[in-house]
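Following this note's numbering, the numbering of the sequence shown begins with 4 at its first residue and continues without gaps.
Even for Gly, the Cβ is constructed at its ideal location relative to N, Cα and C.
These numbers come from a predicted model, not from an experiment.
Worksheet: the structure to be examined is printed underneath.
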Amino acid sequence: MPLPDQSIPWPPPRMQPALKAMSTWDAWYGGDPERLTALYGGGAAGPQPKPVQYTDGWAGRISRWWWGTPPAEGEQRTKVHVPLAGDICAASADLLFSEAPQFRADDEVTQARLDQLVDDGMHASLQTAAEVAAALGGVYLRPVYDQTLRDRPWIDAVHADRAVPEFRWGQLSAVTFWRTLAEDNGIVWRHLERHEPERVFHGLYQGTPTKLGRPIPLEDHPATQALAARVGEDGGTATGYKRLDVSYIPNQPARKWRGIPALADLGRSDLEGLEPLLDTLDEVYASWMRDVRLAKGRLMVPNSMLQSNGPGRGATFNPDREILSGLEMLTRGDGDALTIVQFAIRVKEHEDTANHWIDTIIRSAGYSAQTFGRGGDVAVTATEVNARERRSITTGGKKQLRWRPGLSQQLEALLALDREVFGSKVTPQPPDVEFGDSVREDPLTIANTLEVLFRAQAMSTQVMVETLHPEWDAKRVQEETNRILAETGKQVPDPMQLGDLV
4 MPLPDQSIPW
14 PPPRMQPALK
24 AMSTWDAWYG
34 GDPERLTALY
44 GGGAAGPQPK
54 PVQYTDGWAG
64 RISRWWWGTP
74 PAEGEQRTKV
84 HVPLAGDICA
94 ASADLLFSEA
104 PQFRADDEVT
114 QARLDQLVDD
124 GMHASLQTAA
134 EVAAALGGVY
144 LRPVYDQTLR
154 DRPWIDAVHA
164 DRAVPEFRWG
174 QLSAVTFWRT
184 LAEDNGIVWR
194 HLERHEPERV
204 FHGLYQGTPT
214 KLGRPIPLED
224 HPATQALAAR
234 VGEDGGTATG
244 YKRLDVSYIP
254 NQPARKWRGI
264 PALADLGRSD
274 LEGLEPLLDT
284 LDEVYASWMR
294 DVRLAKGRLM
304 VPNSMLQSNG
314 PGRGATFNPD
324 REILSGLEML
334 TRGDGDALTI
344 VQFAIRVKEH
354 EDTANHWIDT
364 IIRSAGYSAQ
374 TFGRGGDVAV
384 TATEVNARER
394 RSITTGGKKQ
404 LRWRPGLSQQ
414 LEALLALDRE
424 VFGSKVTPQP
434 PDVEFGDSVR
444 EDPLTIANTL
454 EVLFRAQAMS
464 TQVMVETLHP
474 EWDAKRVQEE
484 TNRILAETGK
494 QVPDPMQLGD
504 LV
């Protein structure tokens, strides 16, 4: 299906529920208090609740949250935000890509070229994509190239809130990406990029914030001028790949969209359902800081103790010039009294409450408190770390199940693009993907374990090599095993293969 040839609502109405939710998750992930205030409508000052707070529906519910409550009349906005949502998304990416994954292809020429394509830049891109996927519920990967920048293709991540996907049998069958190029006086310039099997279509549109508008030539905007020479009469170009060259990687199984066919395969954000808890945590910290502000020492003195500064200049009291206000007070027989006001700061109560909500949020997101450093810095073994972080490791393992096939397919598309555009001699194939271990055993512990098992004749040399290097393939394991046996003199030639002795 080609790109639209006339003005339609944009983004499409079927995507509106997902985009609204993604906007909420993005606000919490970004952690900007101004965005949260604007999102929940808590920017207007006034002593009375807003009318929307009495209404039913989505708008009424979120306006009754703490971030939807405006400051009282005459008071400054002093709300505090705890960036725990961003920490959760970063932890998700660390569990997947704290170490670079390994990619193995069957063909030696393809493997050599794959090693060149998979550099440190790709590792950083994958880690960033994983963090965004945890925030928005998923991420798209596509192969791209620009011969003016690099002499090889690379993988680019597209965020889920800038795509209109089409799924069939739970698999991505086509997708349309869009980006806003410019906005001026209500006129919006958009670039649409539609991916289908074997083809990519490009279109430039001039419309409004809610309408796609009319299609115009790609040459009419500097950002799309270079594409004009690459596309055919239908606005498309060949990818050199028989299947769709875009991979969609959902973060977790969908819950919110389970009953909406068009959105059921989008996936779930790590922040889904945590918004009220995050709002409550911010309220706790704001209350704590309110105690700090109110607990500032105040000294109140009678007016009789103030020193006049002359007509019209008021009066002052100088206890090292730390006087806040004067009061009309009755004097006593022993002289005028000073009153000191010092409120207590409820540190313990606030700390316990905040810790409770932090642990609840982390657990509900699917992670262990130890992952966020909430277990102390005492040195422990890798076995103890695995026990403490079992929930986080389990969540990371579930995410690997979705990243592995999507990343493998994307690397196959990258190899196909490399052959099509750069003329490499590779054989496009989906390589095996091995994720790094986020928690490594102590090498001394592994060595002692292998030694005990070997002396007990419960493990062969080959099994020892496989245990020590689980990321190696069978050929590499066999070569290392043969070298060890030869160096230790345990590899005895077969007498039947020696021939006749002379």
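Legend entry - Beta-bridge pairing of Tyr143 - partner residues as DSSP gives them: As a working mapping, residue 143 is identified with position 140 in the sequence shown. DSSP output for Tyr143 lists Val161 and Tyr251 as bridge partner(s).
Legend entry - Endpoints, the beta strand (DSSP E) within which Glu199 is located: Locating residue 199 in the sequence shown gives position 196, where the first residue counts as 1. First-last of the beta strand (DSSP E) with Glu199: Ile190 to Glu199.
Legend entry - Identity of the residue in Leu418, Asp285 and Gln481 nearest Ile84 by Cα: If you number the sequence shown from 1, residue 84 lands on position 81. Before going further, note that residue 84 is His rather than Ile in the sequence given. If we check each option's Cα against that of His84, Asp285 comes out closest.
Inset, instruction - Can you grab the Cα-Cα spacing for the pair Gln228 / Glu222, in whole Å? - result: Numbered from 1 along the sequence shown, position 225 holds the residue referred to as residue 228. Numbered from 1 along the sequence shown, position 219 holds the residue referred to as residue 222. Distance between the alpha carbons of Gln228 and Glu222: 4 angstroms.
Legend entry - Nonlocal neighbours in the same chain, by C-beta distance under 7 angstroms from Gly509, ignoring five residues either side: With the chain running from 4 to 505 in the structure shown, residue 509 is simply not present.
Inset, instruction - Out of Glu415, Leu471 and Phe425, state which residue places its alpha-carbon closest to the alpha-carbon of Asp110. - result: In the sequence shown, the residue the question calls residue 110 occupies position 107. The option with the nearest alpha carbon to Asp110 is Glu415.
Legend entry - CA-to-CA distance, Glu490 to Pro434, given in whole angstroms: Reading the sequence shown from its first residue, position 431 is the one you call residue 434. Reading the sequence shown from its first residue, position 487 is the one you call residue 490. Going from the Cα of Pro434 to the Cα of Glu490 covers about 33 angstroms.
Legend entry - Residues bridged to Phe106 (per DSSP): Reading the sequence shown from its first residue, position 103 is the one you call residue 106. Looking at the DSSP assignment, Phe106 forms a beta bridge with Val436.
Legend entry - Separation of Val350 from Asp294, as counted between CA atoms: Reading the sequence shown from its first residue, position 291 is the one you call residue 294. Reading the sequence shown from its first residue, position 347 is the one you call residue 350. Those two C-alpha atoms are separated by around 9 angstroms.
Inset, instruction - Check whether the Cβ atoms of Pro146 and Ile158 lie closer than 8 angstroms to each other. - result: The residue you call residue 146 lines up with position 143 of the sequence shown. The residue you call residue 158 lines up with position 155 of the sequence shown. Contact flag set, yes.
Legend entry - Every unbroken alpha helix (DSSP H) within the stretch 215-265, with a cutoff of 4 residues, ordered by chain: 228-231
Inset, instruction - Give every residue of the same chain whose Cβ lies closer than 6 angstroms to the Cβ of Ser427, excluding the five residues on either side of it in the sequence, and list them in chain order. - result: If you number the sequence shown from 1, residue 427 lands on position 424. For Ser427, where only same-chain residues beyond five positions count, the Cβ hits under 6 angstroms are Arg116 and Asp421.
Legend entry - Rounded straight-line distance, which links the Cα of Val142 to that of Leu184: What you label residue 184 is simply residue 181 of the sequence shown in a count that begins at 1. What you label residue 142 is simply residue 139 of the sequence shown in a count that begins at 1. Straight-line Cα distance between these residues: approximately 21 angstroms.
Inset, instruction - Measure the CB-CB distance between Met292 and Thr81 and report whether it falls below 8 angstroms. - result: Stepping through the sequence shown from its first residue, residue 292 is reached at position 289. Stepping through the sequence shown from its first residue, residue 81 is reached at position 78. In this structure, Thr81 lies closer than 8 angstroms to Met292 by Cβ.
Legend entry - Nearest residue (CA-CA) to Arg197, options Trp172, Thr213 and Asp248: Taking the sequence shown and counting its residues from 1, one reaches residue 197 at position 194. The candidate whose alpha carbon is nearest that of Arg197 is Asp248.
Legend entry - Per DSSP, cross-strand counterpart(s) of Gln174: Counted from its first residue, the sequence shown places residue 174 at position 171. Answer is Arg171.
Legend entry - 6 angstroms CB neighbourhood of Glu199 in its chain, flanking five on each side removed: To locate residue 199, count along the sequence shown from 1; it is residue 196. Excluding positions up to five away in sequence, the list reads Ala177.
Legend entry - Test item: CB-CB of Leu139 and Trp260 under 8 angstroms: Here residue 139 refers to the residue found at position 136 of the sequence shown. Here residue 260 refers to the residue found at position 257 of the sequence shown. No; because the gap between Cβ atoms is not below 8 angstroms, this pair is not in contact.
Inset, instruction - Measure the C-alpha to C-alpha separation of Leu120 and Arg405 and round it to an integer number of angstroms. - result: In the sequence shown, counting from the first residue as 1, residue 120 sits at position 117. In the sequence shown, counting from the first residue as 1, residue 405 sits at position 402. Between Leu120 and Arg405, the C-alpha separation is close to 22 angstroms.
Inset, instruction - Note the first and the last residue of the continuous beta strand (DSSP E) segment covering Val203. - result: The residue given as residue 203 occupies position 200 in the sequence shown. Here the beta strand (DSSP E) through Val203 covers Arg202 to Gly210.
Inset, instruction - Can you say whether Leu230 is buried or exposed, counting buried as having 16 or more other CB atoms within 10 angstroms of its CB? - result: The residue labelled residue 230 in the question sits at position 227 within the sequence shown. Leu230 comes out buried.
Inset, instruction - Take Ile361 and list the residues in its own chain whose beta-carbon comes closer than 7 angstroms to its own, dropping the five residues that flank it on each side. - result: For the purposes of this step, residue 361 is identified with residue 358 of the sequence shown, where counting begins at 1. So the qualifying residues of the chain are Leu87 and Leu284.
Inset, instruction - May I have the straight-line CA-CA distance separating Met25 from Asp164, to the nearest angstrom? - result: As a first step, residue 25 must be located in the sequence shown, where it is residue number 22. As a first step, residue 164 must be located in the sequence shown, where it is residue number 161. Going from the Cα of Met25 to the Cα of Asp164 covers about 7 angstroms.
Inset, instruction - With a threshold of 16 other CB atoms inside 10 Å of the CB of Asp2, please say whether the residue is buried or exposed. - result: The requested residue 2 does not occur in the structure, where the chain is confined to residues 4 to 505.
Legend entry - Residue of Ile263, Val344 and Asp268 minimising C-alpha distance to Met303: Taking the sequence shown and counting its residues from 1, the one referred to as residue 303 is at position 300. Comparing Cα-Cα distances from Met303 to each of Ile263, Val344 and Asp268, the minimum goes to Val344.
Legend entry - Buried versus exposed call for Arg202 [16 or more other C-beta atoms within 10 Å across all chains shown]: Along the sequence shown, one-based indexing puts residue 202 at 199. Burial call: buried.
Legend entry - Buried/exposed call for Ile263, threshold 16 Cβ in 10 Å: By one-based count along the sequence shown, residue 263 stands at place 260. Ile263 is exposed by the Cβ-count criterion.
Inset, instruction - Return the first residue and the last residue of the alpha helix (DSSP H) that Ile364 is part of. - result: As a working note, residue 364 is residue 361 in the sequence shown. Residues Val350 to Ala368.
Inset, instruction - Use the C-beta contact count for Trp172: other C-beta atoms within 10 angstroms, 16 or more gives buried, fewer gives exposed. - result: Here residue 172 corresponds to residue number 169 of the sequence shown, with the count starting at 1. It counts as exposed.
Inset, instruction - Compute the distance between the beta-carbons of Gln432 and Ala108, then report whether it is under 8 angstroms. - result: Mapped onto the sequence shown, residue 432 falls at position 429. Mapped onto the sequence shown, residue 108 falls at position 105. Yes, the Cβ-Cβ distance between Gln432 and Ala108 is below 8 angstroms.
Inset, instruction - Give me the Cα-Cα distance between Gly508 and Pro36, rounded to the nearest whole angstrom. - result: For the chain, the structure presents residues 4 to 505; residue 508 sits outside this window and is missing.
Legend entry - Opposing strand residues paired with Val344 [DSSP bridges]: Residue numbering aside, residue 344 sits at position 341 when the sequence shown is read from its first letter. DSSP, once it has assigned bridges, lists Arg301 as partnering Val344.
Legend entry - Closest by C-alpha distance to Glu423, when choosing among Tyr244, Ala21, Pro15 and Asp8: As a first step, residue 423 must be located in the sequence shown, where it is residue number 420. The shortest C-alpha separation from Glu423 is found at Tyr244.
Legend entry - 8 angstroms Cβ cutoff met for Asp273 and Pro253: Here the question's residue 273 lines up with position 270 in the sequence shown. Here the question's residue 253 lines up with position 250 in the sequence shown. Against a cut-off of 8 angstroms, the Cβ pair of Pro253 and Asp273 comes out as no contact.
Legend entry - Three-state secondary structure (DSSP) of Ala267: As a position in the sequence shown, residue 267 is number 264, starting the count at 1. The answer is coil: DSSP assigns Ala267 none of H, G, I, E or B.
Legend entry - Gln114: first and last residue of the uninterrupted alpha helix (DSSP H) it sits in: Start at 1 with the first residue of the sequence shown, and residue 114 comes out as number 111. Taken as a continuous stretch (DSSP letters only), the alpha helix (DSSP H) holding Gln114 covers Glu111 to Leu120.
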